[in-house]
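Residue numbers (the UniProt record's numbering), protein chains in the order written: chain X, 1 to 103; chain G, 1 to 103. See below for the structure under consideration.
Number of protein chains: 2
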Amino acid sequence: MRVRNAMEILVEEALDNYWQQLELPCKCEICKTDVYAITLNTLPPRYVSNENGYAYVRAQNFNDQARLKMLDAIVKATGIVAVRPSHEITHPIDPSESNSKEV
Amino acid sequence: MRVRNAMEILVEEALDNYWQQLELPCKCEICKTDVYAITLNTLPPRYVSNENGYAYVRAQNFNDQARLKMLDAIVKATGIVAVRPSHEITHPIDPSESNSKEV
């Protein structure tokens with residue numbers, strides 16, 4: 001059975017857009033994926049089983065309130081991962097450093 | 001970023017187990033997928049980013065209360081699809097009929 005949580009696509013797009021501006025001691029793929037998973041766990045799922053369903057959910061989430069809710073969830077998830085990353089951090093990024101290590 | 005809602009796997013297993021016993025005018029793949037999507041939309045998502053995470057969620061959902069909650073969501077979703085299928089039903093299944101048309 002093919003279903004998809006439309007929020008997975010919308011959150012991934014938003015996370016990619018804002019990733020540069022988000023403050024974390026480590027910005028590796030693991031930390032980014034953890035932010036992604038925690039964000040999705042805090043937003044109501046919107047499973048759809050076809051393209052029409054997806055287009056409907058995307059349109060519904062195009063208003064400022066929905067986008068603010070998504071960004072709020074991303075920032076909160078970022079705070080959780082920043083405080084408790086799921087892997088040991090050998091050399092945290094110094095905010096003044098260049099962002100060469102980022103994904 | 002690879003994440004998965006662990007509930008997708010758990011609900012799919014439960015839906016396959018109970019599908020024979022669920023009463024719907026049509027038991028095609030579309031109706032089953034609609035029941036699946038609606039069920040997932042009513043249960044809190046449990047996104048994980050690795051196998052350990054998935055094993056943890058599976059274990060958490062192994063108790064009676066969690067399984068009852070999942071079955072309750074499936075039965076409610078079945079009721080919604082039974083009343084309002086997403087496609088026209090040309091010849092609804094007569095419950096006394098053999099279940100030859102089922103998936």
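All C-beta atoms in this analysis are idealised placements derived from N, C-alpha and C, irrespective of residue type, glycine included.
Less than 8 Å between CB atoms is the rule here; does residue i satisfy it with respect to chain G?
{"i": "K32 of chain X", "result": "yes"}
{"i": "P25 of chain X", "result": "no"}
{"i": "A37 of chain X", "result": "yes"}
{"i": "R67 of chain X", "result": "no"}
{"i": "V48 of chain X", "result": "yes"}
{"i": "M70 of chain X", "result": "no"}
{"i": "L10 of chain X", "result": "no"}
{"i": "V81 of chain X", "result": "no"}
{"i": "N41 of chain X", "result": "yes"}
{"i": "residue 159 of chain X", "result": "Any question about residue 159 of chain X goes unanswered here, given that chain X covers just 1 to 103."}
{"i": "N5 of chain X", "result": "yes"}
For the putative contact between residue i and residue j, defined by C-beta atoms under 8 Å, what is the C-beta separation to the nearest angstrom?
{"i": "I46 of chain G", "j": "M7 of chain G", "result": "In the sequence as presented, Ile is not what sits at residue 46 of chain G; that position holds Arg. The pair is a contact, with the Cβ atoms about 5 Å apart (cut-off 8 Å)."}
{"i": "N5 of chain G", "j": "N5 of chain X", "result": "6 Å"}
{"i": "N2 of chain X", "j": "T39 of chain G", "result": "According to the sequence displayed, residue 2 of chain X carries Arg and not Asn. With 8 Å as the limit, R2 of chain X and T39 of chain G do not qualify as a contact, their Cβ atoms being about 15 Å apart."}
Is residue i helix, strand or coil when you go by DSSP?
{"i": "N41 of chain G", "result": "helix"}
{"i": "S52 of chain X", "result": "In the sequence as presented, Ser is not what sits at residue 52 of chain X; that position holds Asn. Note: N52 of chain X maps to helix in three-state DSSP."}
{"i": "N61 of chain G", "result": "coil"}
{"i": "R4 of chain G", "result": "strand"}
{"i": "I89 of chain X", "result": "coil"}
Indicate whether residue i and residue j have their beta-carbon atoms separated by less than 8 Å.
{"i": "L24 of chain X", "j": "T78 of chain X", "result": "yes"}
{"i": "L22 of chain G", "j": "Y36 of chain G", "result": "no"}
{"i": "C31 of chain G", "j": "V81 of chain G", "result": "yes"}
{"i": "T42 of chain G", "j": "A66 of chain G", "result": "no"}
{"i": "Y18 of chain G", "j": "L68 of chain G", "result": "no"}
When the cut-off is 8 Å and only beta carbons count, does residue i lie next to chain X?
{"i": "L22 of chain G", "result": "no"}
Answer yes or no: does any C-beta atom of chain B fall closer than 8 Å to that of residue i?
{"i": "R2 of chain X", "result": "As a matter of chain content, chain B is missing from the structure shown, whose protein chains are X and G."}
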